[in-house]
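Below is one structure; the comments refer to it alone.
2 protein chains.
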Amino acid sequence: MKRIFEVDPWRVETHQFNQEDKRLQESMTAIGNDYMGMRGNFEEGYSGDTLQGTYLAGVWFPDKTRVGWWKNGYPKYFGKSLNAPSFIGIGITVNGEKLDLAKVKFSDFYLSLDMHQGLLSRSFVYHGHDVDVKFEFERFLHINLKEAALIKVKATVLKGHAKIDFDSTLDGTIVNEDSNYDEHFWMSLGENDSDRTIQVKTKPNPYKVPQFTVLLKEGLRHDNEKIEGRVSTEEAKLSEKVSVELEEGQSYDLEKDVIVVTSRDVEDANQLAKANELMEKLQSKSFDENLADHTASWQKRWSKSDVVIAGDDAAQQGIRFNILQLFMTYYGEDKRLNVGPKGFTGEKYGGATYWDTEAYIVPMYLSVTDPAVTRALLQYRHDQLAGAYHNAAQQGLKGALFPMVTFNGIECHNEWEITFEEIHRNADIPFAIYQYTNYTGDESYVKNEGMDVLVGTARFWADRVHFSKLRNKYVLHGVTGPNEYENNVNNNWFTNTMAKWLLEYTLERLPKATKEAQVRVNVSDEEKAHWKDIADNMYLGEDKKRGIFLQQDDFLDKDIRPVSTIPENERPINQHWSWDKILRSPFIKQADVLQGIYFLNDRYTKEQKEKNFDFYEPLTVHESSLSPSIHSILAAELGKKEKAVELYERTARLDLDNYNNDTSDGLHITSMSGSWLAIVQGFAGMRYDHDQLKFNPFIPKNWDHYSFKINYRGRLIEVYVDHQEIKLTLIEGQTIDVWVKGEKVTLKKGESKCLKA
Amino acid sequence: MKRIFEVDPWRVETHQFNQEDKRLQESMTAIGNDYMGMRGNFEEGYSGDTLQGTYLAGVWFPDKTRVGWWKNGYPKYFGKSLNAPSFIGIGITVNGEKLDLAKVKFSDFYLSLDMHQGLLSRSFVYHGHDVDVKFEFERFLHINLKEAALIKVKATVLKGHAKIDFDSTLDGTIVNEDSNYDEHFWMSLGENDSDRTIQVKTKPNPYKVPQFTVLLKEGLRHDNEKIEGRVSTEEAKLSEKVSVELEEGQSYDLEKDVIVVTSRDVEDANQLAKANELMEKLQSKSFDENLADHTASWQKRWSKSDVVIAGDDAAQQGIRFNILQLFMTYYGEDKRLNVGPKGFTGEKYGGATYWDTEAYIVPMYLSVTDPAVTRALLQYRHDQLAGAYHNAAQQGLKGALFPMVTFNGIECHNEWEITFEEIHRNADIPFAIYQYTNYTGDESYVKNEGMDVLVGTARFWADRVHFSKLRNKYVLHGVTGPNEYENNVNNNWFTNTMAKWLLEYTLERLPKATKEAQVRVNVSDEEKAHWKDIADNMYLGEDKKRGIFLQQDDFLDKDIRPVSTIPENERPINQHWSWDKILRSPFIKQADVLQGIYFLNDRYTKEQKEKNFDFYEPLTVHESSLSPSIHSILAAELGKKEKAVELYERTARLDLDNYNNDTSDGLHITSMSGSWLAIVQGFAGMRYDHDQLKFNPFIPKNWDHYSFKINYRGRLIEVYVDHQEIKLTLIEGQTIDVWVKGEKVTLKKGESKCLKA
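First to last, the sequence lines map onto chains U and F.
Just so we're aligned, residue 2 is where the first sequence starts under our numbering, counting upward by one.
Just so we're aligned, residue 2 is where the second sequence starts under our numbering, counting upward by one.
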């Protein structure tokens with residue numbers, strides 16, 4: 002755990018700059034606008050340890066790198082989030098000295114990410130030879146004009162005389178940090194001095210993955226007036242220089258406007274014209290006017306989604322930071338996209354889309370965004386069904402297998418124990434259809450497109466099981482559960498349970514599907530009977546004596562001991578222990594049996610939940626960012642309030658406090674929804690099965706009050722909880738009944754209802 | 002299965018050239034001299050599909066390439082056999098047309114590897130425009146002057162007039178075929194026109210692995226006289242051109258002599274002088290004189306090791322091919338080396354040293370080479386003990402863990418299920434000490450250096466087990482057995498059995514060790530008691546009903562069905578099935594339970610052997626080259642003669658007939674001993690436990706007779722078997738008793754004893 006930013010309800014800010022924390026600081030000050038984003042790199046450059054990173058949504062590369070032996074059936078390439086051309090560069094020299102915070106003398110460092118506005122600011126005072134200059138930077142990625150980045154730097158001479166040279170650059174010579182021998186995946190298509198553009202294209206590949214072309218254009222302004230510097234270019238690079246001389250007390254501001262157009266939206270040949278058009282649009286307003294537009298849109302987002310926590314600024318900051326970063330990554334405006342695990346904050350994990358989206362993002366987005374956003378996420382998978390059929394065929398199996406990691410539906414990750422075995426995803430992803438249908442009450446998806454997904458995945462499961470004569474049951478061998486600290490196990494309870502659920506749900510929904518869908522999926526009576534037989538006779542391991550479900554076969558043959566027996570200096574174990582030691586240990590990375598109890602919450606008794614929680618949680622190291630939230634929610638349900646709060650803090654401030662010592666690689670975007678879930682499903686106890694919206698709130702001891710809003714079946718409802726009362730307000734929509742602590746409460750528009758806490 | 006060479010007892014020859022079989026042909030015509038080797042590439046170059054490969058023993062590179070996610074504790078690099086500078090090149094043009102068998106017209110192709118002489122020959126007639134030229138090539142790597150390669154080409158004009166340009170090259174711009182983006186691992190240190198040398202060095206690495214320097218020198222001769230061509234150089238390349246004009250009926254021969262010196266033997270600065278000296282030595286004799294020397298040494302090797310099979314030339318060719326290739330790879334003359342799985346025939350599998358050496362090479366080399374050779378192989382591991390301690394520490398375990406793949410003792414392979422889990426090697430490797438001691442009767446190794454190995458590995462095993470409260474036994478979780486078609490299983494019977502054996506053998510030998518060794522290993526009474534407790538209480542899975550040992554926990558939960566149920570067009574399964582499907586199947590790659598029964602042969606009853614063989618062999622796909630031989634030996638012991646012969650054929654001609662459809666990558670060097678073992682331990686039933694040398698021979702139906710020689714405790718014994726008699730002859734050494742079919746036979750020097758077959 003390491004906290005390098007100050008606690009503040011609306012800002013992530015610091016007055017410190019420590020070189021050893023540079024990468025961590027960069028991750029935490031990353032910004033994005035769903036279209037593109039970048040880490041909190043310094044405009045003027047930095048020669049110390051840094052991860053320079055700019056990312057464009059949906060722009061990637063199929064990397065053919067292989068190492069060692071290679072197994073038949075592996076994906077042909079590793080899909081890589083490409084580190085994109087960098088456009089924030091504004092090199093600065095003062096009286097000939099290059100500004101580089103790794104080397105020069107400076108003071109009064111201040112760095113702030115304003116969460117309310119989505120604005121990154123930074124300032125410091127440079128101390129040169131006989132000269133002091135204050136530099137102030139502002140940067141934002143416009144959420145209404147997605148292709149636009151606006152950067153402003155202001156220099157004020159505090160002492161002496163300064164000749165300041167600015168060198169604004171567009172740089173397409175970028176290499177991924179994880180490249181082995183500095184492989185270049187970008188090639189230049191040309192530079193244009195007069196238009197101030199560079200255009201680059203990803204290298205050809207043999208996999209029929211489209212090549213991406215990106216055109217970047219810059220325009221400079223001073224005092225809101227366009228200016229032109231001295232332009233020079235080299236391959237894939239453009240530089241535009243502006244020099245000023247300032248006396249003590251004088252200041253100069255330089256604004257760098259950037260437009261980034263990609264072949265995802267605009268054909269290569271039209272990119273220049275499009276960029277020119279967008280630049281004109283951008284520059285028709287001043288920096289402040291653009292910022293005002295941008296901020297107004299952030300206001301709208303916050304007004305529907307903000308969670309207020311009074312009395313605990315650290316908790317408040319945590320939840321807002323998570324909501325901000327999620328919305329900076331994905332707000333449902335481009336249906337071809339999904340939510341990458343690192344968003345625009347790092348290159349780790351390659352691919353764009355994981356089961357995280359359905360398991361962790363969907364339940365939150367259902368409540369804080371328009372239902373169309375979630376439906377777009379469902380549709381995204383439907384659009385990729387061809388890839389899912391391809392993936393199953395790669396394994397020699399029938400039906401559709403959604404990928405563990407993908408950009409286009411085709412699996413692009415190459416660890417067999419994940420790619421081939423972590424197949425629970427193939428029920429978790431369809432489970433989002435159940436969640437969407439349940440939450441919204443909208444059956445139109447499951448009756449139509451959803452049926453393609455359900456039947457495709459059901460066919461996979463029916464082929465993937467085998468019948469064990471020894472047990473007289475259907476079994477699932479060779480799987481990896483959500484707890485990735487076990488690989489290639491047999492009969493992972495969660496996987497078997499979810500496979501059974503998938504078959505049952507498919508059978509249940511099939512008769513209610515549209516005629517067209519029924520014809521399309523063409524399920525025979527024999528097939529249905531077979532699915533029913535599998536569902537009815539699925540082996541589900543249980544230890545009756547302990548009253549627990551068995552995570553997998555032979556789990557109890559392990560040396561079972563609690564996490565508390567691990568020496569503190571050996572944690573997180575994934576950074577201290579060999580994979581061998583981790584696999585053989587009883588320690589659990591993230592909810593596994595408990596993930597199943599969370600998903601199918603209404604199927605288990607309180608006693609079952611309690612016994613499993615009490616057995617498995619003490620074995621859990623929570624080294625996946627996805628873990629604490631699920632445990633927090635179950636702890637809350639079981640009345641283990643302290644545990645629930647402890648785990649909430651861990652999920653809410655996972656990155657802010659660098660809990661798992663890996664935030665320097667980038668933020669844990671897809672798990673950020675966990676803190677929202679922990680508050681809403683955990684503390685407030687929201688459930689929505691069987692068409693009933695229910696709450697069962699409590700408030701953490703040290704909080705004064707908390708409130709949040711949810712969008713439910715056309716209503717906007719605010720829930721407020723303090724130590725005395727629970728207050729529900731129907732802000733918008735028709736009268737509705739909700740259940741609070743088992744009591745029916747009728748809400749009318751504009752009215753609040755109060756109950757004793 | 003594909004046979005592209007003709008059957009002949011002493012030659013691997015063909016009159017065909019098919020472009021689609023080029024790689025396969027290259028593998029099969031690879032030659033080596035324990036110091037260096039190369040695939041059967043064409044001197045004049047070839048523009049079609051080919052794997053150009055030259056390899057220098059002990060010269061390698063630590064490749065840092067990583068892909069995808071990466072687990073803590075993985076080796077820092079993948080050790081790569083480097084494709085070395087190529088020195089066979091003699092480019093040829095005839096009247097301006099480049100000779101390239103992928104493009105030109107030719108006839109009368111002939112290619113032959115003479116196994117008796119270790120000589121590669123090739124000829125063909127080129128048909129140009131108005132000209133026919135016969136080309137004849139000869140090539141060998143001198144086994145008495147290891148640094149020397151001799152190549153001769155003779156051109157004879159059959160029709161017309163020919164201007165022939167020869168371009169003899171040394172080429173250091175070589176890239177491994179498995180490099181991802183054509184990474185270069187060699188850099189030039191300079192070329193020398195007058196000395197005809199190039200010198201290259203491997204690139205720096207951050208792992209403290211020594212960089213290797215190689216100097217290559219060439220010298221041309223015509224008609225045994227030195228000649229000088231026109232030399233030109235570019236970076237890491239040298240070219241020497243000779244042109245001749247020939248009329249019909251005239252011929253011209255050009256000899257290219259090459260010296261290759263590496264920094265393994267000679268410091269960089271002295272390499273040129275050394276190469277000059279060696280070249281002088283080489284060129285002090287003619288090509289034919291050098292060849293005669295070389296051939297004489299091959300004669301000596303054959304005289305001690307040849308296996309004669311009468312009546313079945315295919316079988317005869319197979320065993321000789323295997324002996325030849327083994328001896329071309331390793332003959333024990335450089336104790337720093339070991340036996341790489343591909344020898345000098347390909348780049349697959351990276352590292353130099355596998356457990357194959359101890360399990361498959363040692364038992365043969367004990368009989369066909371001097372005991373010092375086997376002892377050197379044991380010493381090799383002792384010299385690498387520091388690396389073994391490092392490997393165990395990498396996993397957080399005590400003691401010493403020998404690597405799965407290595408050049409220097411440190412693990413250099415990075416699949417967790419192999420590197421971390423295929424730990425049975427850590428008993429199989431020490432098992433060679435037992436074999437050596439047993440066979441030679443020489444206890445001096447086990448009493449001294451051997452004790453370091455036994456105690457180091459015993460400490461590893463004692464830390465690697467854990468006590469299962471559920472079973473009240475010691476268990477071994479998370480292992481991969483010899484059957485690599487199962488990963489991360491619990492209680493692999495073979496591994497548990499060998500671990501138990503190791504502990505017992507260590508405890509047995511410890512009191513007999515030298516005082517110095519006892520002090521060095523410093524085993525306390527408590528430690529001994531703990532080892533005994535583990536050995537006594539090791540869990541060994543068994544199915545009493547079937548009378549079999551259980552390959553691993555839950556093996557019988559699989560869908561057990563014989564290999565015969567796999568459609569023929571899906572075999573080998575590792576080229577047709579996904580890894581997922583292979584892992585879940587019951588099919589076995591190579592002997593696993595049966596490997597244990599083979600190793601500890603005297604511990605099991607005939608009934609136990611029979612029941613396990615009958616259960617496991619039908620599940621075995623023999624897709625490791627190491628598999629058929631072990632099964633053949635057991636089948637022979639169990640009187641399943643047909644099965645024994647069938648499996649012998651598969652092991653003896655594995656590469657010649659391309660059984661597993663992967664010989665194009667290179668030969669299966671380390672399994673080549675299997676055919677020898679199948680004859681000697683299988684058909685002839687040789688055993689040597691308890692200081693008794695025993696035989697129990699039979700002869701395959703279609704053979705007329707077979708014979709072989711073994712070197713046993715100072716004696717050279719010939720064993721001859723036909724359908725009437727078994728004849729044993731003591732060629733050298735003192736009188737000795739041997740047991741034939743249970744009957745004691747006393748052999749005296751120079752005498753033969755005959756028994757009824």
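No residue lacks a Cβ here, since even glycine has one placed at the ideal position from N, Cα and C.
* Is the CB of residue 70 of chain F under 8 Å away from at least one CB in chain U? -> yes
* To do: Please look up how many angstroms separate the CB atoms of residue 326 of chain F and residue 673 of chain F, rounded, as I've assumed it's under 8 Å.
  => 6 Å
* If you compare alpha carbons, which of F:742, F:746, F:646 is closest to residue 700 of chain F? -> F:646
* Under 7 Å between beta-carbons, which chain F residues line up against residue 67 of chain U? List them in chain order, please. => 68, 181
* Asked: Taking buried to mean at least 16 other C-beta atoms within 10 Å of its own C-beta, is residue 743 of chain U buried or exposed?
  -> exposed
* **Residue nearest to residue 492 of chain U in terms of C-alpha spacing, selected from U:511, U:204, U:469** => U:469
* Asked: In chain F, which residues lie less than 8 Å from residue 578 of chain U when you measure between Cβ atoms?
  -> 73, 74, 397
* Asked: For residue 563 of chain F, is the classification buried or exposed, using 16 other Cβ atoms within 10 angstroms of its Cβ as the cut-off for buried?
  -> exposed
* Asked: At which residue ranges does the segment 373–417 of chain F contain complete alpha helix (DSSP H) runs of 4 or more residues, listed in the order of the chain?
  -> 386–395
* Asked: Just curious, the beta strand (DSSP E) that residue 296 of chain F is in, first and last residue?
  -> Unbroken run through residue 296 of chain F is the alpha helix (DSSP H), 288–306; no beta strand (DSSP E).
* To do: Provide the residue(s) that pair with residue 728 of chain F in DSSP beta bridges, ordered along the chain.
  => F:721, F:755
* Which residues bound the beta strand (DSSP E) around residue 12 of chain U? -> 12–15
* Given a threshold of 16 other Cβ atoms within 10 Å of its Cβ, counted over all protein chains shown, does residue 621 of chain U qualify as buried or as exposed? -> buried
* **Check whether residue 330 of chain F and residue 28 of chain F have beta carbons under 8 Å apart** => no
* Is the beta carbon of residue 159 of chain F less than 8 Å from the beta carbon of residue 126 of chain F? -> yes
* To do: Enumerate, from N- to C-terminal direction, the unbroken beta strand (DSSP E) stretches of 3 or more residues contained entirely within the segment 227–264 of chain F.
  => 231–235, 238–247, 252–263
* CA-to-CA distance, residue 750 of chain U to residue 738 of chain U, given in whole angstroms -> 12 Å
* Quick one, which of F:615, F:653, F:623 has its alpha-carbon nearest residue 641 of chain F's? -> F:615
* Name the chain U residues whose beta carbon is nearer than 7 Å to that of residue 422 of chain F? -> 581
* Asked: Roughly how many angstroms lie between the CA atoms of residue 173 of chain U and residue 77 of chain U, to the nearest whole one?
  -> 27 Å
* **For residue 127 of chain F, the first and last residue of its enclosing beta strand (DSSP E)** => 120–129
* To do: Report all residues from its chain with a CB closer than 6 Å to the CB of residue 139 of chain F; omit the five preceding and five following residues, and keep chain order.
  => 122, 153
* Keeping to the same chain, check which residues put their C-beta closer than 8 Å to that of residue 115 of chain F; ignore five residues upstream and five downstream. => 11, 12, 121, 122
* To do: For residue 476 of chain F, return the contacting residues in chain U, with the cut-off set at a CB-CB distance below 7 Å.
  => 558
* Is the CB of residue 472 of chain U under 8 Å away from at least one CB in chain F? -> yes
* Asked: What span of residues does the beta strand (DSSP E) with residue 200 of chain U cover, start to end?
  -> 198–203
* To do: To the nearest angstrom, report how far apart residue 473 of chain U and residue 541 of chain U are at their CA atoms.
  => 12 Å
* DSSP-derived helix/strand/coil call for residue 38 of chain U -> strand
* **Start and end residues, beta strand (DSSP E) containing residue 140 of chain F** => 132–142
* To do: List the whole-angstrom C-beta distance separating residue 757 of chain U from residue 748 of chain U, where the pair is believed to meet the contact cut-off of C-beta under 8 Å.
  => The Cβ separation is near 17 Å, so there is no contact.
* Mind checking who residue 172 of chain F pairs with in its DSSP beta bridge? => F:87, F:238
* Might you give, ordered along the chain, the residues of its own chain that have their beta carbon closer than 7 Å to the beta carbon of residue 364 of chain U, omitting 5 neighbours on each side? => 436, 678
* Asked: Are the Cβ atoms of residue 221 of chain U and residue 198 of chain U separated by less than 8 Å?
  -> no
* Asked: From the beta carbon of residue 706 of chain U, is the nearest beta carbon of chain F less than 8 Å away?
  -> no
* Asked: Apart from the five residues just before and just after residue 558 of chain F, which ones in its own chain have a Cβ nearer than 7 Å to its Cβ?
  -> none
* Asked: Taking 8 Å as the CB-CB limit, is residue 572 of chain F close to chain U?
  -> no
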